[in-house]
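*Asks:* Quick one: structure below, then a few questions.
Residue numbers (our numbering): 842 to 1085.
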């Protein structure tokens, strides 16, 4: 009897420590799926940002990973639908499109379909002046480029304005310009709402931070953990200026 009891306890311990819990299995699954869609985002950066969020929000890491995964899948669905309509995707940062983005007013922004970190997240940049764009791209981080050189694919881009005061628009553009040559690029779209306004940032974080800090405007259509370029494009309080 004693021998049987010892054997049973030993078997239970081995099972408890060798078989991952349902929580751990889900966490690994969501993490791997996220990284497969965002391969330039490191596992360490993903888990570090999720752990920080969990401490601040009280949510479990697994719940946060699941939310990130669902937001990525939603953005991926939008990407596929838009690609079916247009049949083409540009390349972010290379200005390899067919037409110039063209001039617009200071504080406006443009959106274009664009391949980013192996997913078509799209791309956004802000007008610092009528003929100068401020944007963040992988090669250089935050930079300026002339509207003549900034090429997009016709039919896949648009210019939008933000419904706020001219002072907020000017200050937002000035703030974005102040990050030129200072802030490098970040591939972390998935939790960029909670990352610092100062430091490495992607294109949507640049525009979102500029208006969040200048006017307390939240250019994010769904208020999720990540602000993607389409979230900025579709945010309430933005108005279409023109299609390109």
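Idealized CB from N, CA, C, for every residue including glycine.
What do you reckon, are the CB atoms on residue 964 and residue 971 nearer than 7 Å?
*Replies:* Indexing the chain shown from 1 puts residue 964 at position 123. Indexing the chain shown from 1 puts residue 971 at position 130. Going by C-beta atoms, residue 964 is not nearer than 7 Å to residue 971.
*Asks:* Can you tell me where the alpha helix (DSSP H) with residue 1048 in it begins and where it stops?
*Replies:* The sequence position of residue 1048 within the chain shown is 207, counting from 1. Looking at the DSSP string, the run of the alpha helix (DSSP H) that includes residue 1048 is 1044-1054.
*Asks:* Please say whether residue 962 and residue 1070 have beta carbons closer to each other than 7 Å?
*Replies:* To locate residue 1070, count along the chain shown from 1; it is residue 229. To locate residue 962, count along the chain shown from 1; it is residue 121. Contact flag set, yes.
*Asks:* To which residues does DSSP link residue 950 through a beta bridge?
*Replies:* Within the chain shown, numbered from 1, the residue matching residue 950 stands at position 109. Answer is 967 and 1001, bridged to residue 950.
*Asks:* State the start and end residues of the unbroken beta strand (DSSP E) segment that holds residue 1079.
*Replies:* Looking up residue 1079 in the chain shown gives position 238. 1079-1084 is the extent of the beta strand (DSSP E) around residue 1079.
*Asks:* Exposed or buried, residue 1083, counting other C-beta atoms within 10 Å across all chains shown (16 or more means buried)?
*Replies:* Numbered from 1 along the chain shown, position 242 holds the residue referred to as residue 1083. With fewer than 16 other Cβ atoms within 10 Å, it is exposed.
*Asks:* Which one of 950, 1051, 894 and 979 has the shortest CA to CA distance from residue 1066?
*Replies:* By one-based count along the chain shown, residue 1066 stands at place 225. Residue 1066 has its Cα closest to that of 894, out of 950, 1051, 894 and 979.
*Asks:* Where does residue 993 fall in DSSP's three states?
*Replies:* Here residue 993 is taken as the residue at index 152 of the chain shown, counted from 1. Looking at residue 993 - three-state DSSP - the assignment turns out to be strand.
*Asks:* Can you tell me whether residue 980 is helix, strand or coil according to DSSP?
*Replies:* For the purposes of this step, residue 980 is taken as residue 139 along the chain shown, with counting starting at 1. Three-state DSSP puts residue 980 in coil, outside helix and strand.
*Asks:* Looking at the secondary structure, which residues open and close the alpha helix (DSSP H) in which residue 1029 lies?
*Replies:* Counting from one through the chain shown, the residue named residue 1029 turns up at place 188. That residue, residue 1029, is in no alpha helix (DSSP H); it is neither H nor E in DSSP.
*Asks:* Tell me whether the stretch 880-900 and the stretch 935-953 touch, counting them as touching only if at least three CB pairs, one residue from each stretch, are closer than 8 Å.
*Replies:* Output reads no: the stretch 935-953 does not touch the stretch 880-900.
*Asks:* Would DSSP call residue 1067 helix, strand or coil?
*Replies:* The residue you call residue 1067 lines up with position 226 of the chain shown. Correct three-state label for residue 1067: coil.
*Asks:* Measure the beta-carbon distance from residue 1021 to residue 983 and round it to whole angstroms, keeping in mind my assumption that it falls under 8 Å.
*Replies:* Along the chain shown, read from residue 1 onward, the residue named residue 1021 stands at position 180. Along the chain shown, read from residue 1 onward, the residue named residue 983 stands at position 142. So it is a contact: roughly 5 Å between Cβ atoms.
*Asks:* Over what stretch of residues does the alpha helix (DSSP H) that includes residue 1086 continue unbroken?
*Replies:* With the chain covering 842 to 1085 only, the question about residue 1086 has no answer from this structure.
*Asks:* What's the call for residue 1029, buried or exposed, on a 16-neighbour Cβ count within 10 Å?
*Replies:* Counting from one through the chain shown, the residue named residue 1029 turns up at place 188. Per the 10 Å Cβ criterion, buried.
*Asks:* When the Cβ atoms of the stretch 1010-1020 are set against those of the stretch 1045-1055, are three or more pairs found closer than 8 Å?
*Replies:* With the cut-off at 8 Å, the stretch 1010-1020 and the stretch 1045-1055 touch.
*Asks:* Considering only their Cβ atoms, is the gap separating residue 1073 from residue 1060 smaller than 7 Å?
*Replies:* Taking the chain shown and counting its residues from 1, the one referred to as residue 1060 is at position 219. Taking the chain shown and counting its residues from 1, the one referred to as residue 1073 is at position 232. Cβ atoms of residue 1060 and residue 1073: closer than 7 Å.
*Asks:* On the DSSP letters alone, give me the boundaries of the alpha helix (DSSP H) that residue 1057 sits inside.
*Replies:* Reading the chain shown from its first residue, position 216 is the one you call residue 1057. From DSSP, residue 1057 is part of no alpha helix (DSSP H); its letter is neither H nor E.
*Asks:* Pull up the distance between the alpha-carbon of residue 933 and that of residue 875, whole angstroms please.
*Replies:* Your numbering for residue 933 matches position 92 in the chain shown. Your numbering for residue 875 matches position 34 in the chain shown. Residue placement at residue 933 is poorly supported in this model, since its pLDDT is 47, which falls under 50; the coordinates still yield a value, given next. The alpha-carbon atoms of residue 933 and residue 875 are separated by roughly 21 Å.
*Asks:* Taking the C-alpha atoms as reference points, what is the distance between residue 966 and residue 1062?
*Replies:* Reading the chain shown from its first residue, position 125 is the one you call residue 966. Reading the chain shown from its first residue, position 221 is the one you call residue 1062. Answer to the nearest angstrom: the Cα atoms are 17 Å apart.
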